[in-house]
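Letter 173 of the sequence shown, counting from 1, is numbered 638 in the working numbering, and no numbers are missing.
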Amino acid sequence: MNSNIVVAKFGGTSVADFDAMLRCAQIIHDDNNVRVVAVSASAGVTNHLVNLTQAGHSESDRQQWVDAVIAIQDNILAKLSLDADLAQGFEQTLNEFKQLAAMHALSKQQCDEMLSFGERLSSFLFTQVLRQLGVKAERFDVRKVLKTNSSFGKAVPDILATREAATELLLPILEEHVVVTQGFIGSDSFGQTTTLGRGGSDYSAALLAEAISAVSVHIWTDVVGIFSTDPRLCAKATPIARLSFDEAAEMATFGAKVLHPATILPASRAGISVFVGSSREPHAGGTWIEKEKRNEPGIRAVTQRKNQLLLTLKSPEMLLASGFLARVFGILSSYNISVDLVTTSEISVALTLDNAPNASRPELEQACLDELSQFCHVTVENNLTLVALIGSEIQLRHDDSNLMRVLSDFNIRLICHGASKHNLCFLVEQNQSDSVVQAIHEHLLEVA
Ligand code: ASP
Ligand code: MG
466 MNSNIVVAKF GGTSVADFDA MLRCAQIIHD DNNVRVVAVS ASAGVTNHLV NLTQAGHSES
526 DRQQWVDAVI AIQDNILAKL SLDADLAQGF EQTLNEFKQL AAMHALSKQQ CDEMLSFGER
586 LSSFLFTQVL RQLGVKAERF DVRKVLKTNS SFGKAVPDIL ATREAATELL LPILEEHVVV
646 TQGFIGSDSF GQTTTLGRGG SDYSAALLAE AISAVSVHIW TDVVGIFSTD PRLCAKATPI
706 ARLSFDEAAE MATFGAKVLH PATILPASRA GISVFVGSSR EPHAGGTWIE KEKRNEPGIR
766 AVTQRKNQLL LTLKSPEMLL ASGFLARVFG ILSSYNISVD LVTTSEISVA LTLDNAPNAS
826 RPELEQACLD ELSQFCHVTV ENNLTLVALI GSEIQLRHDD SNLMRVLSDF NIRLICHGAS
886 KHNLCFLVEQ NQSDSVVQAI HEHLLEVA
């Protein structure tokens with residue numbers, strides 16, 4: 466562990482405009498341990514950039530998205546005067562953006578280049594805001610240190626290469642400066658820009674923290690921590706003060722949108738604690754995610770993830786044969802598809818995939834479906850929501866009549882339970898899922 470270095474990450478809403486940036490800068494100003502700052506693109510920018518990567522839109526739509534990206538920067542710039550070093554880099558980056566936006570039919574590599582502009586631009590502006598508060602801040606291009614493979618759209622970090630580069634290029638600057646860098650983006654071994662997947666800035670912050678052996682990662686967002694469920698859905702949802710790495714990983718994976726699911730990986734590998742709080746209310750507390758094992762059994766949260774695909778694969782000729790599942794998962798893995806829930810029978814397997822709108826690439830490519838169809842009958846169902854109960858020692862026991870009774874009220878399409886004591890997951894129709902979550906929260910989490 467490297468002394469007491471803290472890596473702070475500020476999400477899109479926290480750097481949405483000048484005032485939001487100023488609040489974040491104050492947080493850094495007030496905490497001398499924060500030496501590395503990873504910023505997201507200003508809110509809305511990445512969605513516009515995703516649109517620009519897609520073929521088939523009209524020229525006027527494309528121009529609108531370009532203008533919208535520029536307007537967000539201009540709004541912030543109107544309240545700032547950039548130092549020469551930042552002004553030059555900013556202009557050059559903006560020009561590169563305009564040039565690429567003028568092109569159609571981008572390659573996968575160019576799509577990632579396009580998606581990178583949000584973070585690249587916001588980091589120039591944020592550095593200046595920090596300087597304005599008297600903080601000695603330097604902007605740093607994270608692509609020099611955050612090394613990944615070449616899986617554009619969802620690149621996999623190279624932990625060793627990242628550590629080596631960060632030790633050589635990033636650590637020395639921290640002695641004198643607070644470094645402002647970009648979340649979400651990295652570069653492959655050819656130096657080409659890559660991205661870690663939507664919402665990946667949290668993951669970047671944890672990866673950087675691991676690479677420089679920081680003591681903790683502070684994720685500043687627009688909510689005061691991770692809640693027992695989405696507070697917009699249940700007024701009685703409460704923030705959770707402490708979570709174990711396991712519980713936090715389950716929550717992030719199954720839909721608590723506060724944290725990118727992969728964030729917990731580097732943190733738990735390196736024993737780095739993660740704090741989640743609101744940059745609007747930095748003193749209002751938040752959630753600490755730590756190594757310490759929580760033994761308290763019980764359900765701590767209910768999450769939902771909409772837009773799930775249920776893929777059912779049936780292969781009658783596999784009756785009493787072996788290798789069916791291996792073949793299915795081999796194909797899915799060759800398309801880098803991440804499967805969430807799985808249930809199986811002798812000749813069929815049902816599995817769920819996340820089909821998030823705004824993802825930088827579709828989860829299930831037609832080519833993959835074609836390959837699967839060669840040896841099994843494939844059915845794809847949409848409009849499903851994955852509901853997850855998260856906690857410790859969750860068990861469906863006959864004496865737990867409360868849990869059984871609540872579940873019995875719903876039409877459950879598929880249920881997964883038993884592989885982990887930290888979750889119980891099931892699929893319901895999307896149009897019912899809000900009320901399912903509300904009922905579960907009311908009956909299982911609001912009891913004193
Ligand atoms: N800007 C990226 C996104 O919107 C990454 C992030 O904010 O975490 O997905
Ligand atoms: Mg986020």
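Think of the CB as a built atom: it goes at the ideal place given N, C-alpha and C, for glycine as much as any other residue. This structure is a prediction, so every number in the text was calculated from the model and none was measured.
Contacting residues, own chain, Cβ-Cβ under 8 angstroms from residue i (five flanking each side not counted)
i	result
T632	A676 and I677
V893	L849, T850, V852, F875, N876, I877, R878 and V901
Q767	A small fix is needed here, since residue 767 is Val in this sequence, not Gln. These residues qualify, in order along the chain: S693, T694, V852, A853, L854, I855, V902, I905, H906, L909 and L910.
M542	For the sequence presented, residue 542 should be read as Leu rather than Met. L590, listed in sequence order.
I796	C833, E836 and L837
G750	V689, G690, P704, A706 and G742
N498	N469, I470, V471 and V680
T558	F582, R585, L586 and F589
R488	S479, S744, R745 and P747
Nearest candidate by alpha-carbon position, reference residue i, set the options
i	options	result
G909	L816, E811, A702 and S654	The residue asked about is misnamed: residue 909 is Leu in this sequence, not Gly. Measuring from the Cα of L909, the nearest candidate turns out to be A702.
L565	C841, I541 and R527	R527
T627	T646, V607, G477 and N469	V607
P870	Q895, I905, S898 and V843	One point to set straight first is that residue 870 is Arg, not Pro, in the sequence displayed. Here the closest residue by C-alpha is I905.
H748	S798, L797 and D496	D496
W753	D805, G788 and F710	F710
S803	E561, L776 and S787	L776
V912	R765, E846, I624 and K609	R765
K926	D577, V643, G750 and L636	No statement about residue 926 is possible, as the shown extent of the chain runs from 466 to 913 and does not include it.
A920	L580, R596, N540 and I537	There is no way to answer for residue 920, as the model of the chain reaches only from 466 to 913.
I859	Q839, L872, H882 and C841	H882
Q593	S615, L547, D623 and K563	L547
A520	E603, S572, Q831 and A674	S572
S588	T817, E641 and G477	G477
L580	E603, M568 and A506	A506
T613	V645, P637, Q557 and L673	L673
N888	I638, P696, G599 and A717	A717
D819	A732, V793, E846 and M568	E846
R770	S780, F891 and F840	F891
S780	F840, E757, H725 and S885	F840
A714	S885, H494 and I492	S885
D899	L545, R697 and F655	R697
Residues that DSSP places opposite residue i in a beta bridge
i	result
P704	F692
H882	L889
R604	V645
K474	A503 and I684
P622	T613
I764	G856
F740	H683 and W753
T659	G651
T959	Because residue 959 is not part of the residues shown, which for the chain are 466 to 913, the question remains open.
Q897	Paired residues: none, contrary to the question.
K779	S813 and H842
V804	L818
Q773	D819 and L849
Element boundaries [alpha helix (DSSP H), containing residue i]
i	result
L551	A549 to A566
S540	Before going on, a small fix: residue 540 reads as Asn here, not Ser. N540 -> alpha helix (DSSP H) spans E524 to L542.
I492	F483 to D495
T718	F710 to T718
T511	V510 to T518
V793	F789 to S799
S669	S666 to A676
L730	I729 to A735
Own chain partners of residue i with C-beta closer than 6 angstroms, once the 5 adjacent residues on each side are dropped
i	result
W530	H513, N516 and L517
A727	Y668
L611	T627 and G651
A721	I691 and T768
Q657	Q574
A508	G477, T478 and A481
P731	A671, L672 and E675
F605	V644 and T646
I492	P747
For residue i, the first and last residue of its enclosing beta strand (DSSP E)
i	result
T850	H842 to S857
E755	G751 to E755
D577	That residue, D577, is in no beta strand (DSSP E); its alpha helix (DSSP H) goes K573 to Q597.
L816	S813 to D819
Cβ neighbours of residue i in the same chain (closer than 7 angstroms, five flanking residues each side left out)
i	result
A670	V472, K474, A503, G648, V682 and I684
L834	V843
K609	A630 and L634
Y800	E830 and C833
| message | For the pair the segment 617–632 and the segment 658–669, tell me if three or more CB-CB distances fall below 8 angstroms. | response | They touch, by the three-pair rule.
| query | For the 8 angstroms Cβ check, are there 3 or more pairs between the segment 686–705 and the segment 740–759? | reply | In this structure the segment 686–705 lies against the segment 740–759, because at least three pairs of beta carbons, one per stretch, are closer than 8 angstroms.
| When the Cβ atoms of the segment 812–822 are set against those of the segment 852–861, are three or more pairs found closer than 8 angstroms? | Segment contact: the segment 812–822 against the segment 852–861, fewer than three CB-CB distances shorter than 8 angstroms; contact not assigned.
| task | Indicate whether the contact test is met: 3 or more Cβ pairs, each with one atom in the segment 468–476 and one in the segment 568–586, closer than 8 angstroms. | result | No: fewer than three Cβ pairs fall under 8 angstroms.
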